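>
Numbering (the numbering used here), first residue to last: 282 to 495.
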């Protein structure tokens, strides 16, 4: 944690030289992972992580909004800048120290391979399991459609569906919702089996759910 103190001691700055100096203090203690589209990583609580430039992620987590920030790349808080102040966004060093996993495993340990799930499929479609938490809190699968009109019927029960490519239509119990890239639909636990049908291919939809049915 002393490297963090030294880096944060440089203060928030828009000067690239200051940020580079801070980065040289921190980055040797972190793994840099080159990610590829479609990859899945399962990060347990206490794992230090940051999103690199140009990377867009879809993040699923258990029901908790707790995030401890230990370093902010020495960037000034944009809200404070508007007030003429150069300050960090709030940092949480002491609280992070209590929960950090200082014995984290190599990056390849966190990369997950998908596996095909049995599903009711019409046309060029499949469902793959991406991740399932060992304690059963949540799971995620990917619905992939290679042609417009292809469909997958999901088991009844709670799901959150998020389109990450193309567009789809979700139908359940007489209700119908369009799902464009970046949009999400929540299917309540009391809803009957839902049908997800591709409108614009190729289409990918991430399904977040409680894994009691797999």
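Every residue gets a Cβ at the ideal spot worked out from N, C-alpha and C, and that includes glycine.
Keep in mind that this is a model prediction, so the values were computed, not measured.
With distance defined between alpha-carbon atoms, name the residue in 353, 348, 325 and 297 nearest to residue 412.
For this step, residue 412 is matched to residue 131 along the chain shown. The candidate whose alpha carbon is nearest that of residue 412 is 325.
> At which residues does the alpha helix (DSSP H) containing residue 423 begin and terminate?
On the chain shown, residue 423 is found 142 positions in, with the first residue counted as 1. Run containing residue 423: none in the alpha helix (DSSP H); it sits in the beta strand (DSSP E), 420–426.
> Where does residue 445 fall in DSSP's three states?
Stepping through the chain shown from its first residue, residue 445 is reached at position 164. Three-state DSSP puts residue 445 in a strand.
> Taking the alpha helix (DSSP H) that residue 305 falls in, what are its first and last residues?
Here residue 305 is taken as the residue at index 24 of the chain shown, counted from 1. Residue 305 -> alpha helix (DSSP H) spans 297–307.
> Straight-line CA distance for residue 472 to residue 436?
The sequence position of residue 472 within the chain shown is 191, counting from 1. The sequence position of residue 436 within the chain shown is 155, counting from 1. When rounded, the distance between both Cα atoms is 10 Å.
> At the level of alpha carbons, what is the spacing between residue 386 and residue 344?
Along the chain shown, one-based indexing puts residue 386 at 105. Along the chain shown, one-based indexing puts residue 344 at 63. Taking the straight line from one Cα to the other gives about 24 Å.
> Expressed to the nearest angstrom, what Euclidean distance is found between the alpha-carbon atoms of residue 383 and residue 457?
Taking the chain shown and counting its residues from 1, one reaches residue 383 at position 102. Taking the chain shown and counting its residues from 1, one reaches residue 457 at position 176. Cα to Cα, the separation comes out at about 47 Å.
> Return the CA-CA distance between residue 315 and residue 305, expressed in angstroms with no decimal places.
Position 34 of the chain shown, counted from the start, is the residue given in the question as residue 315. Position 24 of the chain shown, counted from the start, is the residue given in the question as residue 305. Distance between the alpha carbons of residue 315 and residue 305: 19 Å.
> Please confirm if the segment 417–432 is in contact with the segment 353–360, defined as three or more CB-CB distances below 8 Å between the two stretches.
Too few Cβ pairs lie closer than 8 Å, so no.
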